[in-house]
Every structure is written in C-alpha cells, then in structure tokens.
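Working notes, structure below.
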Amino acid sequence: MKKLTILLAFLGLALITGCTAWLGAGAVVKAVLSIGLVGFGATVLAQLAVDAILGLAWHAACREIGLGHLTGARMVRDAAATCLPFSQLGGILVGIRATCSGLARRQTGRPVEWPEAASANIVDLTTEVLGQIVFVLVAVVFLVAHQQSSPFAKPVIIGTVLLALGIGGFIWTQRHGGTILKRVARGLSRNIASQWHSALLSSADTMQQRLDEVWSHPGRIAEAALLHVVAWVGSAATVWVAYYFLGAHLSFTGAIAIEGVACGIMSASFLVPAGLGVQEAAYMALGSAFGIDPSLSLGLSLLRRGRDLVIGVPVLLLWQASEMRLLRQRERAIPPAREQKPAAYAASERSR
1 MKKLTILLAF LGLALITGCT AWLGAGAVVK AVLSIGLVGF GATVLAQLAV
51 DAILGLAWHA ACREIGLGHL TGARMVRDAA ATCLPFSQLG GILVGIRATC
101 SGLARRQTGR PVEWPEAASA NIVDLTTEVL GQIVFVLVAV VFLVAHQQSS
151 PFAKPVIIGT VLLALGIGGF IWTQRHGGTI LKRVARGLSR NIASQWHSAL
201 LSSADTMQQR LDEVWSHPGR IAEAALLHVV AWVGSAATVW VAYYFLGAHL
251 SFTGAIAIEG VACGIMSASF LVPAGLGVQE AAYMALGSAF GIDPSLSLGL
301 SLLRRGRDLV IGVPVLLLWQ ASEMRLLRQR ERAIPPAREQ KPAAYAASER
351 SR
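Position one of the sequence shown corresponds to residue 1 (the numbering used here), numbered consecutively onward.
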C-alpha cells in the first residue's frame with residue numbers, strides 16, 4: 001500500500017508537469033498571478049468559513065465533544081490529507097489522534113480516549129459522504145442541463161450510486177457490527193499479552209457503545225448531513241470566487257457543477273495523495289465544458305493547493321506544538337524514579 005501511494009503520487013506530479021508543459025508554463029503562471037493578493041485572500045477566507053461549517057456539522061452529530069475542538073481536529077485531518085504525503089486514509093488516522101489530544105468532555109470531565117475519537121471520526125465521515133452524495137447528484141443535474149452530452153455524467157452517476165450502496169453498508173456495519181468489531185479485536189489480540197488482549201476487547205466494546213449512542217439520535221445525523229451539504233455548496237462558492245478573480249465568467253450553478261463532479265471524480269482516487277494530477281485534470285476538463293480556458297482551470301487548481309498550504313501548514317504546526325506541550329506536561333506529572341543504591345554500599349554507610 002505504501003509503495004502504491006508513492007507511485008500514484010509520482011504519477012500525479014508527472015501529470016501536473018505534463019499539463020503545465022502542454023499549456024505553456026508562462027500561461028499558467030500568468031493565470032495564477034492574475035488572481036492577486038485580494039483574490040487569494042478571499043479564497044482563503046471562504047475556505048475558513050467552510051471549515052467553520054464543517055465543525056458545526058461534526059458537532060451536530062457528536063455533541064458530547066466541544067465545538068471548538070472538533071473544528072480544530074477537522075482542520076488537522078484535512079491538513080494532513082492535503083499537505084502531508086498521505087492518502088486520505090492517513091489523514092483520517094491523524095484526525096483520530098487530533099480528536100483525542102488533551103480534550104476533556106464537558107459533561108464528565110474525562111479525556112476523550114481513542115475508541116471515542118475513532119467513532120466520532122467515523123460518524124463525521126459517514127455524514128460527510130451522505131451530504132456529498134446529494135451534492136454530486138445536484139452537480140450532475142446542473143452539468144447535464146448545461147451540456148447534455150457530457151461524458152462525465154454517466155460515470156459519475158454510476159460511481160455515486162456505488163458510493164451510496166457502500167455508505168449504506170457502512171452505516172449498517174456501524175449500527176450492527178458489534179460482533180464484527182469483537183471478532184477483529186480477538187483476532188488481533190490472539191498473540192499478544194493478556195493485559196493487552198483485555199484492553200483491546202474493551203476498546204472494541206467502547207467504540208461500539210459510542211457508535212450506538214450517536215446513531216440513537218437520527219435527527220442529529222440528519223442535521224449533520226444537511227450541514228455537510230451546505231459545506232459542499234460553500235466549497236463550490238470558493239471555486240466561483242476564485243474563477244471570478246481569475247477573470248472567468250461562470251455562473252454559481254456552473255461552479256456547483258464543476259466542484260461537485262470534480263469531487264465525485266476525486267473520491268474514486270482516494271489513494272492518490274492530495275489527489276495529485278486528478279484534481280488538475282478534472283478542473284481542466286470540466287472548466288472547458290463551460291468555456292473556460294484550461295490554463296485558468298489549471299491555475300485554479302494550483303491556487304487551491306496554495307490555499308490549502310497557507311491554511312494547513314500553520315494548523316499542523318500548532319497541533320504539533322500542542323502535542324509537544326502535552327507530552328512535557330505528562331513527563332512533569334510523572335515523579336522521577338529514585339536511584340536505588342547497591343545493597344553493599346548501603347550496608348557500608350550504616351557501618352560508619
């Protein structure tokens with residue numbers, strides 16, 4: 001899996017380089033610079049607004065954890081997926097760690113352990129995909145209304161239907177998968193020490209319990225999915241803002257079509273780190289369908305990566321700083337072990 005991820009990353013970089021050479025590096029650089037500091041700042045602010053909505057969506061489903069912490073953990077998860085050489089799966093693992101980093105639940109005052117953090121991330125990903133399915137289908141409708149013979153419509157619809165079936169099975173597993181989690185835990189803990197064996201089985205029980213608690217409130221799940229739809233529309237708004245400052249004339253429905261279909265395409269390439277190459281090719285092809293010059297669409301994709309770095313790198317640095325501070329606090333809380341003097345040396349001291 002690691003070798004495949006590295007290979008896909010190199011192929012993506014090669015595709016970006018090839019697209020830049022085909023369009024002309026000068027034209028791409030001109031498109032990127034044409035947005036200006038004001039336009040780039042507007043796209044950054046728009047994305048921060050989307051991040052706030054994503055935090056609200058997560059908190060709607062998992063209200064036992066603070067809104068501020070969930071928003072920060074979501075930004076760390078996204079930053080790891082876009083700024084680090086990980087696939088989206090690696091970003092999820094970082095997000096789980098960020099969710100249980102030094103946080104106390106308001107009601108009980110105890111820190112969030114990893115089973116609860118993992119279940120919270122699983123639920124957030126599930127509601128996000130539910131909102132994504134609605135958004136992609138709406139985007140396909142807008143694309144077909146603009147270009148009836150679009151080659152992207154049928155593959156994206158098929159992929160969305162498969163995604164819907166997959167998320168349906170994933171939801172069933174979360175609600176009825178207690179025995180599955182226990183079997184996996186037993187299999188993993190078969191060859192480890194007995195204390196780790198019992199701890200792993202207990203973690204599986206805790207994780208299933210947290211999932212059951214969240215899914216016992218379907219109204220909260222629906223609210224979270226709806227907020228994710230709003231967040232996806234907000235991401236389309238950032239595309240519309242960027243195209244506006246790039247000088248391209250695009251309707252808001254066109255921005256929804258481009259962002260939604262591109263989102264559906266990139267979902268199929270989740271193993272590619274940060275969607276390298278896939279994002280660029282999708283924006284160029286979809287932008288061309290709306291009469292936008294490919295160099296502008298490639299510039300948009302590169303500006304989006306620059307925006308992700310401007311937001312993601314400080315987020316990761318702040319998270320690492322908080323991790324180091326927490327580690328130092330734990331080290332200070334542990335009393336240093338007293339040095340044990342050798343028995344012969346202690347006896348000689350007593351004889352004196």
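Every residue gets a Cβ at the ideal spot worked out from N, C-alpha and C, and that includes glycine.
Remember, it's a predicted structure, so these values are computed and weren't measured experimentally.
- Between L70 and W58, the CB-CB gap stays under 8 Å.
- For the pair L130 and A225, the CB atoms are nearer than the 8 Å cut-off.
- Shown here, P151 sits in coil according to DSSP, grouped into three states, outside any helix or strand.
- In the DSSP assignment, E323 falls within the unbroken alpha helix (DSSP H) covering 294-333.
- Between S267 and L137, the C-beta spacing is not below 8 Å.
- About 17 Å separates the beta carbon of A60 from that of G95, a gap too long to meet the 8 Å contact definition.
- Counting only the Cα atoms, P111 lies some 15 Å from L327.
- As far as DSSP is concerned, P218 takes part in no beta bridge.
- Taking C-beta atoms as the reference points, C83 and L316 count as a pair closer than 8 Å.
- Across the structure, T17 and P273 are spaced so that their CA atoms are roughly 16 Å apart.
- A distance below 8 Å between beta-carbons, with the five flanking residues on each side excluded, links V313 to the following residues of its chain, in chain order: A79, C83.
- Burial check for Q148: the Cβ neighbour count within 10 Å stays below 16, so the residue is exposed.
- A residue is called buried once 16 or more other Cβ atoms fall within 10 Å of its Cβ, and R332, having fewer, is exposed.
- Scanning its chain for C-beta atoms nearer than 7 Å, with the 5 sequence neighbours on each side dropped, one finds around V230 the residues I53, in chain order.
- Distance check between L300 and each of L165, A236, I158, L11 places A236 closest, using alpha-carbon atoms only.
- Considering only Q208, G264, V241, E223, the residue with the shortest C-alpha distance to I158 is G264.
- In the DSSP assignment, A52 falls within the alpha helix (DSSP H) that extends over 36-61.
- Contact between V239 and A222 does not hold, since the beta-carbon distance rounds to 27 Å and is not under 8 Å.
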